[in-house]
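Here's the structure, in structure tokens; my notes come after.
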Amino acid sequence: MDVVYTVSGLVVGFIVGMTGVGGGSLMTPLLVLLFGISPATAVGTDLLYAAITKAGGSWVHARKGNVNWRVALWLGAGSLPASVLTIAALNVLALDTHALSTLIKTTLGVALLLTALALLFNERLRDYARQRWGHRPAWSKRTVSIVTLLTGIVLGIIVTISSVGAGAVGTAALFFLYPGMSVVQIIGTDIVHAVPLTLVAGLGHASLGTVDWKLLGSLLIGSLPGIYLGSHLAARVPEKVLRPTLAGMLVLIGGKLVF
178 MDVVYTVSGL
188 VVGFIVGMTG
198 VGGGSLMTPL
208 LVLLFGISPA
218 TAVGTDLLYA
228 AITKAGGSWV
238 HARKGNVNWR
248 VALWLGAGSL
258 PASVLTIAAL
268 NVLALDTHAL
278 STLIKTTLGV
288 ALLLTALALL
298 FNERLRDYAR
308 QRWGHRPAWS
318 KRTVSIVTLL
328 TGIVLGIIVT
338 ISSVGAGAVG
348 TAALFFLYPG
358 MSVVQIIGTD
368 IVHAVPLTLV
378 AGLGHASLGT
388 VDWKLLGSLL
398 IGSLPGIYLG
408 SHLAARVPEK
418 VLRPTLAGML
428 VLIGGKLVF
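Position in the sequence shown (first residue = 1) + 177 = the numbering used here.
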């Protein structure tokens, strides 16, 4: 099975490299639905997997100046405490295996459907915001900061329970809140915010005993070269083909988990 996990990591990493969509959208449902791994273990393992795989991307974006640190800090100020409190709540509630699996599966399904919508309408959302407000936010600077903080809180809860949402959903929110930011800066800011969030959430799951370290190693062996290859081939496949195809997959998977 270790070889199968490594191949799965390679395939998911390749898709992530080509589309820029976080591995959680594909890896977690793959582990749950195809390999029969418990939802809690799949989420916990995938969170640390995401933190490690995105760390390199965040370093590159930071070096190139593609990060709005003020926005990343406002997101983190909401998401990191929310993640810690969510882990604490899961620990205190001490849900039985069935109840915890149901909670995670439902949250995961909803997060996948939101991710699919974000993939399909990201550009339209950005264009709408720019047409309506130009390159200036609709609200005052203070109000936008508060809404960014609240967005971080929501992302912290969703990502900690499902491991999904930090990428596409976070990017969609930034497109709407900051129409003046360039696409590459929004992506860079979102990736930099996702690294500490997934790391904190992943370590929280590790404290609950829901991380499979051997599985994590097998996935990383495949995903790291997969991301490298996918990134180099990304320009050769039309984004208009990739995004709707991936969104369709997420809708099917999310619908299966929810219903």
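Just so it is clear, CB atoms sit at the ideal spot from N, CA and C, and this is done for glycine as well.
For GLY403 and ILE264, the rounded distance between their alpha carbons: In this structure, the straight-line span from the alpha carbon of ILE264 to that of GLY403 is close to 31 Å.
Beta-carbon spacing of ILE335, THR348 below 8 Å: No, they are not a contact pair.
Alpha helix (DSSP H) runs wholly inside the stretch 233-301, at least 4 long, in chain order: 246-270
Validate contact between the stretch 294-303 and the stretch 240-253 using beta carbons, cut 8 Å, 3 pairs: no
Any chain D beta carbon closer than 8 Å to GLY407: The structure shown has no chain D; it contains just one protein chain.
Where PHE212 sits in the DSSP three-state scheme: coil
Test item: CB-CB of THR325 and LEU224 under 8 Å: The answer is no: Cβ separation not under 8 Å.
Residues of its chain near THR183, where Cβ-Cβ distance is below 6 Å and the 5 sequence neighbours each way are ignored: SER395, ILE398 and GLY399
Contact between the stretch 354-361 and the stretch 271-287 (3+ Cβ pairs under 8 Å): no
Residue nearest to LEU427 in terms of C-alpha spacing, selected from LEU187, ILE192 and SER202: SER202
Complete runs of the alpha helix (DSSP H) confined to the stretch 322-394 [at least 4 residues]: List check, alpha helix (DSSP H) in window: 345-354 and 360-384.
Expected contact under 8 Å - CB spacing of VAL346 and ALA295 to nearest Å: 5 Å
Supposed close pair VAL220, SER339 - CB separation, criterion 8 Å: 6 Å
Backbone secondary structure at SER202 - three-state DSSP: helix
Of the residues GLY255, SER278, LEU187 and ALA232, the one placed nearest ILE214, counting alpha carbons only: SER278
LEU142 versus GLY432, GLY407, GLY431 and LEU423, residue with shortest Cα-Cα distance: Coverage of the chain is limited to positions 178 through 436, which leaves residue 142 absent and any answer about it impossible.
Helix, strand or coil at SER400 according to DSSP, with G and I counted as helix: DSSP places SER400 in helix when its eight states are reduced to three.
Three-way DSSP call (helix, strand, coil) for SER317 in this model: DSSP, read as helix, strand or coil, puts SER317 in coil.
VAL388 beta carbon less than 8 Å from that of THR230: no
Cβ shell of HIS238 (< 7 Å), same chain only, five flanking positions each side left out: VAL244, GLY365, ILE368 and VAL369
Spatially closest choice to LEU393 from THR205, ARG307, ASP304 and GLY233, by CA coordinates: For LEU393, the closest alpha carbon among the candidates THR205, ARG307, ASP304 and GLY233 is that of THR205.
Cβ neighbours of GLY253 in the same chain (closer than 8 Å, five flanking residues each side left out): GLY329, HIS370, PRO373 and LEU374
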